[in-house]
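Novice: Residue numbers for the sequence shown follow this note's numbering, so the first one is 86 and each next one is one higher. My structure is below; once you've seen it, I'll send some questions.
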Amino acid sequence: MVNNLVGPPVLGPDFVGRRSEIASAWSNLTSGNSLLLASPRRVGKSSFSHKLIEIAQNNEWNTIYLDLQGIETENKFAEVLLKAVKAIREKQSPLLRTTDRLKELFSKVRKVEVSGVGVEFEEQINEFYDELEKKLFFDKKTLIVVDELAVFLQALLQKSDFGRVELFMNWIRKIRQQKSEQIAWVFCSSISITSFVSQNKLSHTINDLYPFNLGEMTDKEAESLLEQLCAGAGITPFTQKESATILNRIGWKLPFFIQLFFRKYTERMTERKEAELKDMIDDIFDQIIHEHQLFTWSERLSGYGRYESVARTLLNYLCQPEHRSDRAHLETIVSPDCERIGQPNEVYAEVKQMLDNDGYLMSDKSGNIFFRSPIIREYWFSKYVQ
86 MVNNLVGPPV LGPDFVGRRS EIASAWSNLT SGNSLLLASP RRVGKSSFSH KLIEIAQNNE
146 WNTIYLDLQG IETENKFAEV LLKAVKAIRE KQSPLLRTTD RLKELFSKVR KVEVSGVGVE
206 FEEQINEFYD ELEKKLFFDK KTLIVVDELA VFLQALLQKS DFGRVELFMN WIRKIRQQKS
266 EQIAWVFCSS ISITSFVSQN KLSHTINDLY PFNLGEMTDK EAESLLEQLC AGAGITPFTQ
326 KESATILNRI GWKLPFFIQL FFRKYTERMT ERKEAELKDM IDDIFDQIIH EHQLFTWSER
386 LSGYGRYESV ARTLLNYLCQ PEHRSDRAHL ETIVSPDCER IGQPNEVYAE VKQMLDNDGY
446 LMSDKSGNIF FRSPIIREYW FSKYVQ
């Protein structure tokens with residue numbers, strides 16, 4: 086039976102579907118590749134990476150999971166990494182334990198934290214990275230999952246300067262290159278890391294990573310998830326027609342949206358016999374678009390920097406009913422915002438790619454552009470336009 090978890094990573098038996106993606110990702114990791122899991126938010130990247138950790142542990146690998154949300158400096162990154170390394174050391178032979186040496190490195194971490202800028206700082210941070218590299222040795226194959234990488238990079242950029250970001254990314258790349266036989270990496274990001282490195286001319290720091298995109302669930306997987314959620318809740322499963330109606334309304338078949346709908350549905354089970362399913366679905370979705378879990382779709386646009394106003398103008402237009410448009414028309418819509426930044430066609434292209442990468446927009450075969458998720462479109466329309 087599957088528990089309905091809305092928000093936190095789904096672990097163990099509660100993880101449903103993604104079999105082909107899991108098999109492909111694991112094959113890449115065992116072949117010596119490191120993965121860049123840069124997919125839109127709420128696709129299930131954290132749950133997916135935890136499943137890879139579970140598989141790695143079953144194959145007797147060491148595993149480390151680093152959540153960089155809320156971490157803003159190199160020393161804080163080093164602190165969480167070193168604590169994870171220490172936990173592994175304590176399970177190994179006493180000869181491999183490095184508690185005292187880890188303490189020494191923590192003192193260097195503090196020096197980095199209080200350092201100023203200039204040559205003195207550069208010497209200290211390079212020494213810091215050299216010492217940190219020495220601590221990354223293990224007695225067997227190790228999987229390191231780094232979640233929210235782009236969030237950390239943006240925070241580091243705001244706290245310091247571009248040079249520190251570049252130095253960090255080059256160091257991570259160096260470690261991947263030198264320890265590829267010992268350490269496999271998975272980098273996850275809910276803000277498109279590709280957009281960040283492109284804007285900051287850092288694409289070379291991730292060009293060795295295998296890009297792994299996690300999309301929506303297949304129809305069969307989504308129907309199976311609904312079925313297993315019903316079984317877990319002890320309620321009568323939906324008919325095939327009912328499942329199709331629900332999933333068609335959801336549109337973008339992400340586990341998060343399916344689980345969010347099901348939670349609202351079970352809260353209203355007493356109405357099930359008295360209301361038509363379609364009417365219930367409409368009412369439930371009217372509640373969903375006001376859920377706080379959707380607020381991040383607006384808040385994360387702050388990461389677009391000078392492009393934020395252009396992105397919001399595009400979304401404000403496209404969220405309106407029947408506002409599915411081609412590039413030429415949309416360029417005229419955002420042109421006044423673009424002119425303050427650069428050439429309108431170039432700014433539009435950059436913003437459109439960012440919104441595509443982050444899961445806001447998509448295009449059909451005719452080149453018409455529209456919201457990828459009906460839920461997010463209705464949320465955006467209700468909050469910012471209606």
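Each residue gets a CB set at the ideal place from its N, CA and C atoms; glycine is no exception. Keep in mind it's a predicted model, so treat the numbers as computed, not measured.
What's the C-alpha gap between Thr-381 and Glu-431?
Specialist: Roughly 27 Å between the two C-alpha positions.
Novice: Assess, as a yes-or-no matter, whether the segment 282–292 is touched by the segment 102–112 under the definition of 3 or more beta carbon pairs within less than 8 Å.
Specialist: Judged by Cβ distances under 8 Å, the segment 102–112 makes no contact with the segment 282–292, as fewer than three pairs qualify.
Novice: Taking its Cβ as the centre, do 16 or more other Cβ atoms sit within 10 Å of Thr-417, making it buried, or is it exposed?
Specialist: Exposed, because fewer than 16 other Cβ atoms sit within 10 Å of the Cβ of Thr-417.
Novice: Considering Trp-111, what are the terminal residues of the alpha helix (DSSP H) in which it resides?
Specialist: Per DSSP, Trp-111 belongs to the alpha helix (DSSP H) from 104–115.
Novice: With a CB to CB cut of under 8 Å and the five nearest residues on each side skipped, what residues in its chain are close to Ser-467?
Specialist: Result list for Ser-467: Ile-374 and His-375, in chain order.
Novice: Among Phe-162, Arg-126 and Asp-224, which has the Cα closest to the Cα of Glu-145?
Specialist: Nearest C-alpha to Glu-145: Asp-224.
Novice: Taking Cβ positions, are Cys-273 and Ser-131 nearer each other than 8 Å?
Specialist: The answer is yes: Cβ separation under 8 Å.
Novice: List the DSSP bridge partners of Pro-296.
Specialist: Leu-121.
Novice: Output yes or no for whether 8 Å exceeds the beta carbon distance between Ile-138 and Val-230.
Specialist: Going by C-beta atoms, Ile-138 is nearer than 8 Å to Val-230.
Novice: Give every residue of the same chain whose Cβ lies closer than 6 Å to the Cβ of Gly-203, excluding the five residues on either side of it in the sequence, and list them in chain order.
Specialist: Caution is warranted here: a pLDDT of 37 is assigned to Gly-203, below 50, making its placement in the model unreliable, and no coordinate value can be reported.
Novice: Count the C-beta pairs between the segment 419–426 and the segment 445–462 that are closer than 8 Å, then say yes if the count reaches three, no if not.
Specialist: As far as the Cβ criterion goes, the segment 419–426 does not touch the segment 445–462, which means the pair count is below three.
Novice: Using DSSP with H/G/I as helix, E/B as strand and the rest coil, what is Cys-423?
Specialist: Helix.
Novice: Reducing DSSP to helix, strand and coil, say where Asp-246 ends up.
Specialist: DSSP places Asp-246 in coil when its eight states are reduced to three.
Novice: Please specify which runs of the beta strand (DSSP E), each continuous and at least 3 residues long, are wholly inside the segment 261–325, giving them in chain order.
Specialist: 268–273, all fully within the segment 261–325.
Novice: Please confirm if the segment 305–315 is in contact with the segment 339–353, defined as three or more CB-CB distances below 8 Å between the two stretches.
Specialist: Verdict: yes, contact present.
Novice: Nearest to Val-250 by CA position, among Ile-278, Gly-452 and Ala-123, is which residue?
Specialist: Nearest C-alpha to Val-250: Ile-278.
Novice: Distance check for Thr-158 and Glu-205, CA to CA, integer angstroms please.
Specialist: Caution applies to Glu-205, whose pLDDT of 41 falls short of 50 and renders its modelled position unreliable; the model cannot decide the point.
Novice: Would you be able to state if there are at least three C-beta pairs under 8 Å between the segment 436–456 and the segment 399–412?
Specialist: Yes, the segment 399–412 is in contact with the segment 436–456.
Novice: Suppose you measure from the CA of Phe-455 to the CA of Leu-403; what does that come to, to the nearest Å?
Specialist: Looking at the two C-alpha atoms, the distance is approximately 6 Å.
Novice: Select from Lys-171, Lys-363, Lys-136 and Arg-385 the residue whose C-alpha is nearest the C-alpha of Phe-323.
Specialist: Cα-wise, what sits closest to Phe-323 is Lys-363.
Novice: In angstroms, rounded to a whole number, what distance separates the CA positions of Arg-425 and Ala-169?
Specialist: Each residue's Cα considered, the two are about 46 Å apart.
Novice: Measuring alpha carbon to alpha carbon, tell me which of Gln-372, Trp-270 and Phe-297 ends up nearest Ile-149.
Specialist: Closest by alpha carbon: Trp-270.
Novice: Anyone know if the C-beta pair for Asp-232 and Leu-153 falls short of 8 Å?
Specialist: Yes, the pair counts as a contact, with Cβ atoms nearer than the cut-off.
Novice: Where do the ends of the alpha helix (DSSP H) carrying Phe-346 lie?
Specialist: Residues 340–352.
Novice: Rounding to the nearest angstrom, what Cα-Cα distance links Gly-201 and Ile-210 in this structure?
Specialist: Low confidence applies to Gly-201: its pLDDT is 43, below 50, so where it sits in the model is not reliable enough to give any reading.
Novice: When burial is assigned at 16 or more other CB atoms within 10 Å of the CB, is Tyr-81 buried or exposed?
Specialist: Since the first residue shown for the chain is 86 and the last is 471, residue 81 is missing from the structure and cannot be characterised.
Novice: Please report the distance separating the alpha-carbon of Pro-296 from that of Gln-262.
Specialist: Distance between the alpha carbons of Pro-296 and Gln-262 is about 16 Å.
Novice: Counting C-beta neighbours from all protein chains within 10 Å, is the total for Thr-227 16 or more, i.e. buried, or is it exposed?
Specialist: With 16 or more Cβ atoms within 10 Å of its Cβ, Thr-227 is classed as buried.
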